[in-house]
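Under the working numbering, the first residue of the sequence shown carries the number 817, and numbering increases by one thereafter.
Think of the CB as a built atom: it goes at the ideal place given N, C-alpha and C, for glycine as much as any other residue.
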Amino acid sequence: MSFHTTIPTGLPALDPESAAHTQAVERYLVEQIEHAPWGFMLFEQWMNLALYAPGLGYYAAGNTKFGGQPVNPGTTAAAAPPQSANAAAADPGTSPGVRQTSVGDFTTAPELTPIFGQVLARQVAQILKACGSTNVLEFGAGSGALAASLIPALRELGIEPTYQIMEVSADLHARQQQRLAASGAAVTWLDSLPAHFTGCVLANE
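What follows is the structure, encoded as structure tokens:
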């Protein structure tokens, strides 16, 4: 059995390290298919390996995934080169005094501003009060940006949350722990769904 893959045209060229990693992932997936019963695997299995195979999967290889983190005026960030006035004018989504980094493959609203978590906290607070709980369960917390803004916002609303994160990526788990270490909140990480849960469930994106 032979496999032939085609990379779409028009995409930016990969740097040597990324190209080598892509080839390693391709070889790994081909080997897994070749050794699978009947020479094929379910799409669910393939996607799980592509995303989470240790050391190879997209969310398990350790590279920065989330970009576009804003840099406040007057601060220094090696990953955020100064933006020219022309570039800022060409991007209507760029606010004055805020520069976006080019690090990472994509971004989400919580990465751009804590306002997303602060606004969401109002709805979360309503849900928690309605069910008489302080439990929050977030699925796939990314870099931990949403939790980092949501937890203090809930405190301002008079709620000390018991925060749980369901995360299957060991790399993102470590990044979340590092980011939330200073929050002082009771944050725990789960490997499987809880048998019983009363509270608010978050699944951003």
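Buried or exposed by the 16-neighbour rule on C-beta atoms within 10 Å, applied to residue i
| i | result |
| --- | --- |
| Leu928 | buried |
| Glu850 | exposed |
| Leu858 | exposed |
| Ile981 | buried |
| Pro834 | The question names Pro, yet the displayed sequence has Ser at residue 834. Counting Cβ neighbours within 10 Å, Ser834 comes out exposed, since fewer than 16 surround it. |
| Ala764 | Lying outside 817 to 1021, the shown extent of the chain, residue 764 is not represented and no answer is given. |
| Ile931 | exposed |
| Asp1007 | exposed |
| Glu954 | buried |
| Val1002 | Here residue 1002 turns out to be Ala, not Val, going by the sequence shown. Label assigned to Ala1002: exposed. |
| Leu988 | buried |
Three-way DSSP call (helix, strand, coil) for residue i in this model
| i | result |
| --- | --- |
| Ile981 | strand |
| Glu976 | coil |
| Leu865 | helix |
| Ala1002 | strand |
| Phe932 | helix |
| Leu872 | coil |
| Leu944 | helix |
| Gly909 | Here the model assigns Gly909 a pLDDT of 45, short of 50, so the residue's position is not dependable and the matter cannot be decided. |
| Leu970 | helix |
| Phe955 | strand |
Member of the options whose CA lies at the smallest distance from the CA of residue i
| i | options | result |
| --- | --- | --- |
| Thr1004 | Gln839, His1012 and Gln992 | Gln992 |
| Glu972 | Leu936, Leu1018 and Cys1016 | Leu936 |
| Gly960 | Val984, Val1017 and Arg995 | Arg995 |
| Ala969 | Ala925, Ser999 and Asn1020 | Ser999 |
| Ala836 | Met863, Glu847, Leu872 and Gln861 | Leu872 |
| Ala963 | Asn1020, Ala986 and Gly1015 | Asn1020 |
| Leu1018 | Gln939, Ala1011 and His1012 | Gln939 |
Contact with chain D by residue i, beta-carbon distance below 7 Å
| i | result |
| --- | --- |
| Leu973 | Absent from the structure: chain D. Only one protein chain is present. |
inquiry  = Tell me whether the stretch 823 to 832 and the stretch 840 to 857 touch, counting them as touching only if at least three CB pairs, one residue from each stretch, are closer than 8 Å.
reply    = no
The stretch 968 to 978 contacting the stretch 939 to 947, beta-carbon criterion three pairs below 8 Å = yes
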